[in-house]
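With the sequence shown counted from 1, adding 198 to any position gets you the numbering used here. Think of the CB as a built atom: it goes at the ideal place given N, C-alpha and C, for glycine as much as any other residue. Data block below; observations after.
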Amino acid sequence: MAVAMFAAGPASAAESTVETRYTISQGSMATVGVRAQSCPADTPYLKDQNFSPGRLAPNGVEVIEMGGIGVSIGPAYGPKIPYNPPQGAGGFPGISNPTIQLATGIAGGTATNWGTEPRDFIVKLWCTSDTRQATSKVNEY
């Protein structure tokens, strides 16, 4: 969900990527942990774009591999801040004081090799400085 609660951003938002390579050195059913990672300070938010369709990965996260690896990665969020949606609080019935959190990276996860040979994969964070392009979630309080 794109966030429209902030003032207009810079004419051209800064963007960056963070890549981490992993190796699953064993074959079938071997699982490795995916470590928590954050976007850099100058581009602190995950982009609100699905870079890994069909995978259990948040928007702004791309998993690159040749097939046979299943992943489950969760987002990491920044602090709760007051949220006044463009259509007013009426856009969220039953929520009187909504807050929002912007995704700042990943909280970690797991990857399982469903193939019979060792495999490599890359977790790539797509980061932005533009809060309007950031992955977010709205909270009740």
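Legend entry - Cutoff 8 Å; reference Y220; Cβ partners in own chain excluding five residues on either side: V230, V232, A309, D318, F319, I320 and V321
Legend entry - Spatial neighbours of T228 in its chain, beta-carbon cut-off 6 Å, leaving aside the 5 residues before and after: This sequence places Ala at residue 228; Thr is not what is there. Counting only Cβ-Cβ distances below 6 Å, and skipping sequence neighbours, we find I222 and N311.
Inset, instruction - Could you have a look at R330 and say whether DSSP puts it in helix, strand or coil? - result: helix
Inset, instruction - Under 7 Å Cβ to Cβ from I279, same chain only, skipping five residues before and after it: list those, please. - result: T297 and I298
Legend entry - For Y220: DSSP bridge partner residues: F319
Legend entry - Beta-carbon gap between G266 and G313 smaller than 8 Å: yes
Inset, instruction - Can you give me the start and stop residues for the beta strand (DSSP E) that N257 sits inside? - result: Neither: N257 is in no beta strand (DSSP E) and is coded neither H nor E.
Inset, instruction - Kindly indicate the opening and closing residues of the beta strand (DSSP E) around P277. - result: Premise fails: P277 is in no beta strand (DSSP E) and is neither H nor E.
Legend entry - Residues bridged to E213 (per DSSP): T326
Inset, instruction - Specify the secondary structure class of N311 as computed by DSSP and reduced to three states. - result: strand
Legend entry - Boundaries (first-last residue) of the beta strand (DSSP E) holding I241: The sequence shown places Thr at residue 241, not Ile. Taken as a continuous stretch (DSSP letters only), T241 belongs to no beta strand (DSSP E), as it is neither H nor E.
Legend entry - Under the three-state DSSP convention, the category Q299 falls into: strand
Legend entry - Closest by C-alpha distance to E213, when choosing among V261, T241, R253 and C237: T241
Legend entry - Where the beta strand (DSSP E) through P225 begins and ends: Position check: residue 225 holds Gly in this sequence, whereas Pro was assumed. Premise fails: G225 is in no beta strand (DSSP E) and is neither H nor E.
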